[in-house]
Amino acid sequence: MLRSLEINAVLSGLEKVHRDRLFWKPRIQLNLDCFVCERVGRTTTLERGAERAACWSGRDEQHFIAARISAFDVTSQEDRLKLRTVVDFWWAPFKDAKRGTDATPLSDWVRLHYGSYCPHQETTSEGSIQTNVRRPTGVYCGGCKTEIAVDAEVPSIRLLV
Ligand SMILES: [Zn+2]
Ligand SMILES: [Zn+2]
């Protein structure tokens, strides 16, 4: 059945000079239980605009799954850069092939990517935020090394349907 997860993330404390040059990149890594390879907690890579996603089923192995980014809404509000995104994916019940645990359509881990342009050094750099890191932590410009934002909030993941 078709399921949808909504992910919300924010970078706060945006520094003035880099503020309008910080952006979310249209790429998501998300933990999903994959009924194709019958394993729970697989890392799935999604690109906005792609009609399928990749499940990383082994160290260097991957296979395609029916999942896509169906919404990718960025809003900036004073010193906050927000992202609301929705991932649609096909899910069916199964038990993990090795551990025997029941699969769920939920996810407990996400990584989101951002890019920034440095007006001083005229370079572009990128980084990411993810669920399980110590917070708050600074986000630094790859060009001039200024702290340009703060990663203070754990991204939320919510099952819509
Ligand atoms: Zn898989
Ligand atoms: Zn800079």
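Count along the sequence shown from 1, then add 68; that gives the number in the working numbering. For glycine and all other residues, C-beta sits at the position ideal for the given N, C-alpha and C. Quick caveat: nothing in here was measured; it's all calculated off a predicted structure.
- Remark: three or more beta-carbon pairs, one from each stretch, lie closer than 8 Å, so the stretch 132–152 and the stretch 86–94 are flagged as touching.
- Runs of beta strand (DSSP E) with 3 or more residues, each lying fully within the stretch 122–158, are found at 130–133, 135–145 and 148–158, listed in chain order.
- The nearest non-hydrogen atom of ligand 1 is 7 Å or more from the C-beta of S193.
- Using a cutoff of 7 Å, the CB of C186 counts as near ligand 2, since one of the ligand's heavy atoms is closer than that.
- G210 and L228 have their alpha carbons spaced roughly 36 Å apart.
- When the Cα atoms are used, E106 and L100 turn out to be separated by approximately 11 Å.
- Residue list for ligand 1: C102, V104, C105, R107, R110, C123, S125, H131 and I133 (CB closer than 7 Å to any heavy atom, chain order).
- When the Cα atoms are used, T214 and E190 turn out to be separated by approximately 14 Å.
- Distance from the CA of P161 to the CA of R110, rounded to the nearest whole angstrom, comes to 15 Å.
- Where W177 is concerned, there is no enclosing beta strand (DSSP E), because DSSP gives it neither an H nor an E.
- Under the DSSP assignment, R107 falls in the beta strand (DSSP E) whose first and last residues are R107 to E115.
- In its chain, beyond the 5 residues on either side, D219, A220, E221 and V222 have a beta carbon closer than 8 Å to the beta carbon of R203.
- The C-beta distance from S80 to D147 rounds to 6 Å, short enough to meet the 8 Å contact threshold.
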